[in-house]
Structures are given as structure tokens and as C-alpha cells.
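Engineer: Using the working numbering, read the sequence shown as starting at 2 and increasing by one per residue.
Virtual Cβ for every residue (Gly too), placed ideally from N, Cα, C.
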Amino acid sequence: MRHARPITTAPTGKRGSGPLDDLLDHARHLGVNVASRPLGRRRGEYRHAHRLIVLNSRMSTVLQRSTLAHELGHAHYADVAVDDPRTHDMQERRANRYAARLLITPHAYSAAEALVGPHPGALARELGVARYIIDAWTPPTTPSLLRVIA
Numbered sequence: 002m003r004h005a006r007p008i009t010t011a012p013t014g015k016r017g018s019g020p021l022d023d024l025l026d027h028a029r030h031l032g033v034n035v036a037s038r039p040l041g042r043r044r045g046e047y048r049h050a051h052r053l054i055v056l057n058s059r060m061s062t063v064l065q066r067s068t069l070a071h072e073l074g075h076a077h078y079a080d081v082a083v084d085d086p087r088t089h090d091m092q093e094r095r096a097n098r099y100a101a102r103l104l105i106t107p108h109a110y111s112a113a114e115a116l117v118g119p120h121p122g123a124l125a126r127e128l129g130v131a132r133y134i135i136d137a138w139t140p141p142t143t144p145s146l147l148r149v150i151a
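1. Is there at least one Cβ from chain C nearer than 9 Å to residue 76's Cβ?
2. Over the uninterrupted beta strand (DSSP E) stretch that includes residue 54, give me the two end residues.
3. Provide the residue span of the beta strand (DSSP E) that contains residue 38, from first to last.
4. Could you tell me the boundaries of the alpha helix (DSSP H) in which residue 118 lies?
5. Assign residue 232 to one of two classes, buried (16 or more other C-beta atoms within 10 Å of its C-beta) or exposed (fewer than that).
6. Can you have a look at residue 32 and say buried or exposed, based on whether 16 or more other CB atoms are within 10 angstroms of its CB?
7. To the nearest angstrom, how far is it from the Cα of residue 120 to the Cα of residue 84?
8. Looking at the secondary structure, which residues open and close the beta strand (DSSP E) in which residue 45 lies?
9. Using the C-alpha atoms, what's the distance from residue 57 back to residue 67?
10. I need the straight-line Cα distance from residue 74 to residue 30, nearest angstrom please.
11. One question on the structure: do residue 44 and residue 64 come within less than 9 Å of each other, judged by their Cβ atoms?
12. Apply the 10 Å Cβ neighbour rule to residue 70 and answer buried if 16 or more other Cβ atoms are within range, or exposed otherwise.
13. Thinking just about the alpha-carbon of each residue, which of 22, 91, 88 and 141 is nearest to the one in residue 111?
14. Taking the alpha carbon of residue 52 as the reference point, which residue from 99, 80 and 98 has its own alpha carbon closest?
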């Protein structure tokens, strides 16, 4: 893609030393390249034919991280652009859930909720993610939890 600069790990070369490093490792695992450039109002995009995620270079680190995780969801599910609004909405919800699972562990969510309460905005700030990631997060379903619910 023209005028997009590749995003790489932190210059120190240490794993996990930058806020996007773990997600960039995940992108490499999926065979997806990540670049950034100004995208106007759009946060990011995934181009399946090119196995490329482009992030808006003018976003905060929190939004870049949340958006990258979301776009990795599209890559994981091999989503392509569609005209059907129902399919598009389903793809967006699914990518948000994928991002939430990548970025938030059940332990981290519980700890944040104990600290700041259940308000989604406060949880997002505490966990360093965008609000839409909190809205998409659901606790994992475990057999023991299913027994309690039944």
C-alpha cells in the first residue's frame, strides 16, 4: 500500500517492550502485515486479499491497540467487505468480541471491576482499552459456570 509505513516492534528489540508488540506478534502468527497512515475518521481497515491491516496513525495508543485487536479479529475470521448490512454488523460484533478476548483476561477484568466498579468507561480507562472493547467483553463460559447457571 502506498504511503503506509509498516509498524514494527519497539526499537529496543525486546519482546513486549512496546504497547503493540504482543498484537504485532499475533499478526505475524496469522500471516498479516500491519501498517499505519492517516485514515481520516476511520480507525483502521483489514484488506483480506492483501493480508494487510492499516491503522490510523493519528490515534492514541489505546485506540491503536484496540483497533489492531479488532482488525486481527477480521483477519482471524477471513472477513471480506460486504454490502449486506446484517452480515457487516455480524462481522463487526464478532471482531469486537475477538478483540476483547485478546486484550482482557477474566482476572484483569475482575480486578479492574473491584477497583473502579462496573461502569464501562471506568473499566475501559483502567484496562487501557477503548469503551467498545468493554461493551463486547463477556466472561468465558466454563463447565463449572454452566453447572451453576443450570
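Structural biologist: Taking the geometry as given:
1. Absent from the structure: chain C. Only one protein chain is present.
2. Residue mapping note: residue 54 aligns to position 53 of the sequence shown, counting from 1. Note, residue 54: beta strand (DSSP E), 53–57.
3. Within the sequence shown, numbered from 1, the residue matching residue 38 stands at position 37. Where residue 38 is concerned, the enclosing beta strand (DSSP E) stretches over 34–38.
4. Walking along the sequence shown from the start, residue 118 turns up at place 117. Looking at the DSSP string, residue 118 is not in any alpha helix (DSSP H), and its letter there is neither H nor E.
5. A question about residue 232 goes unanswered here, because the residues of the chain that appear run from 2 up to 151.
6. For this step, residue 32 is matched to residue 31 along the sequence shown. It is exposed - the Cβ of residue 32 has fewer than 16 other Cβ atoms within 10 Å.
7. What you label residue 120 is simply residue 119 of the sequence shown in a count that begins at 1. What you label residue 84 is simply residue 83 of the sequence shown in a count that begins at 1. Spanning the two alpha carbons is a distance of roughly 35 Å.
8. As a working mapping, residue 45 is identified with position 44 in the sequence shown. 45–48 is the extent of the beta strand (DSSP E) around residue 45.
9. The sequence position of residue 67 within the sequence shown is 66, counting from 1. The sequence position of residue 57 within the sequence shown is 56, counting from 1. Approximately 12 Å between the Cα atoms of the pair.
10. The residue labelled residue 74 in the question sits at position 73 within the sequence shown. The residue labelled residue 30 in the question sits at position 29 within the sequence shown. If you take the alpha carbons of residue 74 and residue 30, they lie about 13 Å apart.
11. Walking along the sequence shown from the start, residue 44 turns up at place 43. Walking along the sequence shown from the start, residue 64 turns up at place 63. Against a cut-off of 9 Å, the Cβ pair of residue 64 and residue 44 comes out as a contact.
12. Reading the sequence shown from its first residue, position 69 is the one you call residue 70. Its Cβ being crowded by 16 or more others within 10 Å, residue 70 is buried.
13. Here residue 111 is taken as the residue at index 110 of the sequence shown, counted from 1. Nearest C-alpha to residue 111: 141.
14. Translated into positions along the sequence shown, residue 52 becomes position 51. Out of 99, 80 and 98, 80 has the C-alpha closest to the C-alpha of residue 52.
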